[in-house]
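> Shown below is the structure under consideration.
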Amino acid sequence: MANIENEKIKRRYFKWLLGAKGYSEKTIVAIEGAIHQFEEFTGYKKFKTFSERQATGFKKWLGEKKNKGHSLSNTTKYYHLRHLNSFFSWLATQSGYKSRISLDAVSYLSLDKRAVHDALSTRPKKYPSKEQVKELVSSISINNDIDRRDQALIAFMFLTGIRYHALCSLSLGCIDLEKLVVNQDPRLGVHTKGGKVITTLILRFDEELVEILKEWINYLIKKLKFGPSDPLFPKTQVSQADEGYSFEANGISQGFWSNSNSIRNILKLRTTNAGLPYFNPHSFRHAACQLALKLCRTPEELKALSQNFGHESVTTTLKSYGTLDDSRVSDVINNIDFSKKKNVDSKQISIADLEEFVNSKKT
125 MANIENEKIK
135 RRYFKWLLGA
145 KGYSEKTIVA
155 IEGAIHQFEE
165 FTGYKKFKTF
175 SERQATGFKK
185 WLGEKKNKGH
195 SLSNTTKYYH
205 LRHLNSFFSW
215 LATQSGYKSR
225 ISLDAVSYLS
235 LDKRAVHDAL
245 STRPKKYPSK
255 EQVKELVSSI
265 SINNDIDRRD
275 QALIAFMFLT
285 GIRYHALCSL
295 SLGCIDLEKL
305 VVNQDPRLGV
315 HTKGGKVITT
325 LILRFDEELV
335 EILKEWINYL
345 IKKLKFGPSD
355 PLFPKTQVSQ
365 ADEGYSFEAN
375 GISQGFWSNS
385 NSIRNILKLR
395 TTNAGLPYFN
405 PHSFRHAACQ
415 LALKLCRTPE
425 ELKALSQNFG
435 HESVTTTLKS
445 YGTLDDSRVS
455 DVINNIDFSK
465 KKNVDSKQIS
475 IADLEEFVNS
485 KKT
């Protein structure tokens with residue numbers, strides 16, 4: 125049962141996070157979930173009773189907790205504890221709590237070093253190869269507008285590496301077809317991460333995929349008479365079947381998708397039909413980043429690609445998307461000329477870029 129005193133102070137905290145710290149509502153929901161877990165453990169006792177014993181007990185409880193029959197990962201536990209640590213650290217500065225909450229007790233809301241290392245380790249992600257993307261796109265027979273949309277959607281995700289929240293909210297007016305530029309501008313209704321304005325050039329990984337995208341945009345404009353404010357990838361139009369007991373898809377509407385569930389369902393259907401493994405929407409961003417990183421040769425190219433993906437720092441691109449799987453590591457190492465017989469372009473990488481990357485791995 126919820127504790128009224130706790131609810132009041134939580135509302136103050138969430139208001140502070142949103143207004144003073146600029147946290148997104150999505151992040152605040154995650155923080156709220158972590159605090160709720162702690163309250164569930166204590167039986168909704170007042171936060172004023174917080175102690176070292178509660179902190180250590182909660183860690184043990186979290187370690188024993190199951191989700192769909194499986195123990196929570198170190199990553200999940202790490203973020204739960206980090207959110208709680210921040211909350212109680214803030215609470216210790218508030219009137220009525222200063223003398224009740226010990227920062228020493230708060231410090232126990234943390235994992236051991238080995239678990240933290242495991243939680244923060246970057247692991248290779250599963251993502252489609254260029255060949256799999258092309259196979260998936262070519263497997264879609266064009267019989268209607270839904271087929272055209274799905275084909276162009278998959279091509280677009282791969283050629284831009286765009287985040288799916290932005291993808292769902294992109295309008296035709298965000299696309300410069302002549303320059304192949306995507307203007308991800310929140311002022312145009314695009315839901316970008318952190319509300320950033322991102323200018324993304326469509327990466328010409330494959331001209332056939334680029335052509336499919338161009339044909340789709342021209343089809344929307346010339347055939348369907350879509351305008352600048354209409355969605356680039358409109359949602360499916362659904363109507364009640366003749367027998368009245370079910371619904372069926374009968375084309376596309378001029379509405380925007382409200383979330384990424386529709387994109388996930390499209391990918392599940394299309395990969396199943398193509399006999400390919402399922403790849404989630406974000407995996408196409410990994411695919412684009414990995415291929416782009418493999419092709420770039422100079423620090424300037426690396427920086428340009430990093431900005432194209434909406435990253436403020438090259439470090440973000442390398443840490444989040446630069447991890448290689450074991451087979452790729454073997455390929456790269458086997459192709460290194462350790463004899464130094466090949467001519468090396470000194471402009472390929474600078475000491476400053478190496479230092480930035482090394483420092484990023486220390487944090």
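Quick note on the working numbering: the sequence shown kicks off at 125 and runs consecutively. Cβ coordinates follow ideal geometry from the N, Cα and C atoms, glycine included. Since the model is a prediction, treat every value here as computed from it, not as a measurement.
What residues in its chain sit with their C-beta under 6 Å from that of Phe138, if we drop five residues either side in the sequence?
The beta carbon of Phe138 sits closer than 6 Å to the beta carbons of Ile152 from its chain, once the five residues preceding and following it are set aside; these are given in chain order.
> Around the C-beta of Lys250, are 16 or more other C-beta atoms found within 10 angstroms, so that it is buried, or is it exposed?
exposed
> Put Pro252 into one of helix, strand or coil per three-state DSSP.
coil
> Starting from the C-beta of Gln178, find all residues in its chain whose C-beta is less than 7 Å away, skip the five residues before and the five after it, and write them out in chain order.
Thr166
> Enumerate in chain order the residues of its own chain whose CB-to-CB distance from Ser234 is below 7 Å, with the five nearest sequence positions on each side excluded.
Leu205 and Asn209, listed in sequence order.
> So what does DSSP say about Glu372, is it helix, strand or coil?
Of the three classes helix, strand and coil, the one that applies to Glu372 here is strand, per DSSP.
> Which residues does DSSP pair with Val306 in a beta bridge?
Ile299 and Thr324
> Between the region 247 to 263 and the region 212 to 221, do three or more beta carbon pairs fall short of 8 Å?
no
> Per DSSP, which one or two residues make a beta bridge with Asn191?
His194
> My guess is that Ser263 and Ala398 are in contact by the Cβ rule of under 8 Å, so how many angstroms apart are they, rounded?
4 Å
> Short of 6 Å in beta carbon distance, which residues of its chain neighbour Leu429, apart from the five on each side in sequence? Order them along the chain.
Cβ within range, chain order: Ala416 and Cys420.
> Which term fits Asp274, buried or exposed, when burial requires 16 or more other beta carbons within 10 angstroms of its beta carbon?
buried
> Between Lys471 and the rest of its own chain, which residues show a CB-CB distance below 6 Å, the 5 nearest in sequence each way excluded?
For Lys471, the pLDDT reaches just 48, beneath the cut-off of 50, and the residue's location in the model is therefore unreliable, leaving the point undetermined.
> Determine the closest residue to Gly187 out of Ser175, Thr173 and Tyr202, with distance taken between C-alpha atoms.
Nearest C-alpha to Gly187: Tyr202.
> Just the Cα atoms here: how many angstroms apart are Ile390 and Gly285?
The C-alpha of Ile390 lies about 17 Å from the C-alpha of Gly285.
> In its own chain, which residues sit with a C-beta less than 7 Å from the C-beta of Asn432, not counting the 5 before and 5 after it?
Thr324 and Leu325
> Would you tell me roughly how many angstroms separate the C-alpha atoms of Arg272 and Val261, rounded to the nearest one?
10 Å
> Quick one: Cα of Val230 to Cα of Lys190, how far?
Counting only the Cα atoms, Lys190 lies some 24 Å from Val230.
> On the three-state DSSP scale, how would you describe Lys471?
Because Lys471 carries a pLDDT of 48, less than 50, the predicted location of this residue cannot be relied on, and the following value inherits that uncertainty. In the structure shown, the three-state DSSP call for Lys471 is coil.
> Return the CA-CA distance between Lys222 and Lys443, expressed in angstroms with no decimal places.
38 Å
> By the DSSP assignment, the alpha helix (DSSP H) with Gln378 in it spans what residues?
From DSSP, Gln378 is part of no alpha helix (DSSP H); its letter is neither H nor E.
> Just checking, does the region 336 to 348 make contact with the region 315 to 322 on the three C-beta pairs under 8 Å criterion?
Note that the region 336 to 348 does not touch the region 315 to 322; fewer than 3 beta-carbon pairs, one per stretch, sit closer than 8 Å.
> Return the chain-ordered list of same chain residues with a C-beta closer than 6 Å to the C-beta of Leu301, the five sequence neighbours on each side being excluded.
Ile341
> Can you tell me whether DSSP reads Val362 as helix, strand or coil?
strand
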